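Take any residue in the sequence shown, count from 1 to its spot, add 161: that is its number in this note's numbering.
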Amino acid sequence: EFEALADGEYDAVVLGTGLSECMVSGLLSVAGLKVLHADRNDYYGSACASLSLAQLFERYKAAKIDPPESRYGRSRDYNVDLVPKFIMSSGNMVKMLLYCDVTKYLEFKLVDGSFVFSGSRPHKVPVTPSEAMTSGLMGILEKNRCRQFFSWVHYYDLEDSSTWQKRDIRRVTMKEVFKYFGLQKDTIEFVGHALALYRDDSYLDLPALDTVMRIKQYADALARHGKSPYLYPMYGLGELPQSFARLSAVYGGTFMLHTPIDEILYDSEGRACGVRSGQQAAKCKFVVGDPSYFPSKTERVGKVIRCYCILEAPPPNTRDSSSCQIIIPARQIGPERKHDIYVLVLSEPHKVCPAGKYVALVSTTVETDKPEEEIKAGLDLLGPIVDSFVAVDDMFVPKSSGAEDKTYITRSYDATTHFETAVDDVLNVYKRIFGHDLDLSKSKPTAEEASSNRATVASASES
Numbered sequence: 162e163f164e165a166l167a168d169g170e171y172d173a174v175v176l177g178t179g180l181s182e183c184m185v186s187g188l189l190s191v192a193g194l195k196v197l198h199a200d201r202n203d204y205y206g207s208a209c210a211s212l213s214l215a216q217l218f219e220r221y222k223a224a225k226i227d228p229p230e231s232r233y234g235r236s237r238d239y240n241v242d243l244v245p246k247f248i249m250s251s252g253n254m255v256k257m258l259l260y261c262d263v264t265k266y267l268e269f270k271l272v273d274g275s276f277v278f279s280g281s282r283p284h285k286v287p288v289t290p291s292e293a294m295t296s297g298l299m300g301i302l303e304k305n306r307c308r309q310f311f312s313w314v315h316y317y318d319l320e321d322s323s324t325w326q327k328r329d330i331r332r333v334t335m336k337e338v339f340k341y342f343g344l345q346k347d348t349i350e351f352v353g354h355a356l357a358l359y360r361d362d363s364y365l366d367l368p369a370l371d372t373v374m375r376i377k378q379y380a381d382a383l384a385r386h387g388k389s390p391y392l393y394p395m396y397g398l399g400e401l402p403q404s405f406a407r408l409s410a411v412y413g414g415t416f417m418l419h420t421p422i423d424e425i426l427y428d429s430e431g432r433a434c435g436v437r438s439g440q441q442a443a444k445c446k447f448v449v450g451d452p453s454y455f456p457s458k459t460e461r462v463g464k465v466i467r468c469y470c471i472l473e474a475p476p477p478n479t480r481d482s483s484s485c486q487i488i489i490p491a492r493q494i495g496p497e498r499k500h501d502i503y504v505l506v507l508s509e510p511h512k513v514c515p516a517g518k519y520v521a522l523v524s525t526t527v528e529t530d531k532p533e534e535e536i537k538a539g540l541d542l543l544g545p546i547v548d549s550f551v552a553v554d555d556m557f558v559p560k561s562s563g564a565e566d567k568t569y570i571t572r573s574y575d576a577t578t579h580f581e582t583a584v585d586d587v588l589n590v591y592k593r594i595f596g597h598d599l600d601l602s603k604s605k606p607t608a609e610e611a612s613s614n615r616a617t618v619a620s621a622s623e624s
């Protein structure tokens, strides 16, 4: 019925060039699948594109102007990511970049600092016994208890029960571990939210294994680089989608921008079997995409507010960091607050703005009908603000796993300023497609394994 879209037939079609979709596309390509990757926009990035300052004004203030250089610097020197997220240097994001071999297309720079808000100001996040003893977060007695806890975490070995102190982290909860070491609420708060990077306290009632491994990961990343555990690509995250585009081309895939998708095609069993753009169509065995391509198959689960700010100096109490993350745990705001507030700061060394300027993001999950008031605690940490731009976006999740209709949908990006939750979503999509976890510690699939992957996908689409 239709003309061929690109080559006309693929193993997978990926819709949207957001970071999650690009990572999925890269993993599918490396797995041996032939991928068509399309985006309705004429630029990479979708909901997490990078914008110049003039584009920020046009998008959020409906003003087509050339911002005065005397106040802002040159507009083209700004690369403001709509969803900026730091990359944990020992986390799954880096492992995924190495697995897909796209790091050769990118240049990263260390983030200067990682802080947690407590009392009246940010404090450097401690993660080692020595840092615990010098941290301003705790009194002298709590410092010693925290030192003992960090030492226990550091030496804990699942293969050696003598390191356990009679605490099998596969069985005891994290709440029980904290109680054993006598840690106070404020200490538990920064360990759970700024080290283990949980967004709520539900982890306290779960086995301690995951939390201990997260703290170890943070500590390993910090030990590797010194200042902080986080990295950020030069010129912003907009370089990532283009790197995956190069990867897809190497493996025979196709990227198509400015390609509106008018329809997802389904077979008689209700399974996705292709996409249509105008009078052209491409066949496939399954479709992956961001929520905007599947309005009837997703549901709204909340909103996130993001405020992009232009500064002329680093935030106070951050040790003059040219880049940093500050996490404000919800309890520091008030007993009724449920979600943390995140602050991210970047500047000229990462090539995201002119020299002498800083770009800051304050974000959180919206809980009231006055979202801008909810981020006041974050804005107050920034010092004088030259200008700001506010966005409130809906968050969507898929209604189903996609196993029945062969549509695998990613989640909207949350308010966090790190990649851990986004990577978890990508790995979840991979598992839903192939039926097993991706082992990032292994080398890329051999030709035989790639053939087996294609056979698995073909068999699943026919069953």
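Beta carbons: idealized from backbone N, C-alpha and C, even for Gly. Since the structure is predicted, the reported quantities are computational estimates derived from the model, not experimental observations.
- Taking the Cα of R237 as reference, the smallest distance to any Cα among F311, A516 and I536 is reached at A516.
- Cβ atoms of V241 and S211 come within 8 angstroms of each other, at about 6 angstroms.
- Y591 places its beta carbon less than 8 angstroms from that of V185.
- Our two residues, D172 and K195, have alpha carbons roughly 5 angstroms apart in a direct line.
- Rounded to whole angstroms, S482 and T568 show a C-alpha spacing of 43 angstroms.
- Here the C-alpha atom of S561 lies approximately 13 angstroms from the C-alpha atom of I594.
- Under the 8 angstroms Cβ criterion, the stretch 243-250 counts as touching the stretch 387-406, having at least three qualifying pairs.
- Distance check between P402 and each of S613, A619 and A199 places A199 closest, using alpha-carbon atoms only.
- Rounded to the nearest whole angstrom, the CA to CA distance from F278 to M556 is 26 angstroms.
- The Cβ-Cβ distance between T525 and I502 falls below 8 angstroms.
- Listed in chain order, the non-local C-beta contacts of K388 below 7 angstroms within the same chain comprise L271, D273 and G274, local neighbours out to five positions each way being set aside.
- A Cβ-Cβ separation of about 7 angstroms places G414 in contact with L197 under the 8 angstroms criterion.
- F163 sits in coil when the DSSP states are folded into three classes, being neither helix nor strand.
- P490 is a Cβ neighbour of F351, given a cutoff of 8 angstroms.
- Counting only runs of 4 or more residues that sit fully inside the stretch 218-274, the alpha helix (DSSP H) segments are 230-233 and 253-261, in chain order.
- Within the same chain, Cβ atoms closer than 8 angstroms to the Cβ of D423 are found at R437, S438 and G439, the five residues on either side in sequence being excluded.
- Residue environment analysis places T295 among the exposed positions, since fewer than 16 neighbouring C-beta atoms fall within 10 angstroms of its C-beta.
- When DSSP reads this structure, H284 sits in a beta bridge with V277.
- Cβ neighbours of V462 within its own chain (closer than 6 angstroms, five residues either side excluded): M556 and V558.
- For D428, the closest of F447, G193 and Y469 by C-alpha to C-alpha distance is F447.
- Pairing Q486 with V504 gives a Cβ-Cβ distance under 8 angstroms.
- For the stretch 185-209, the continuous beta strand (DSSP E) assignments of 3+ residues that do not extend past its boundaries occur at 196-199, in sequence order.
- Beyond the five residues adjoining it in sequence on each side, C209 comes within less than 7 angstroms, by CB distance, of G179, L180, D242, L243, V244, L398 and Y574 in the same chain, given in chain order.
- Taking the Cα of M254 as reference, the smallest distance to any Cα among C434, D451, A583 and S312 is reached at A583.
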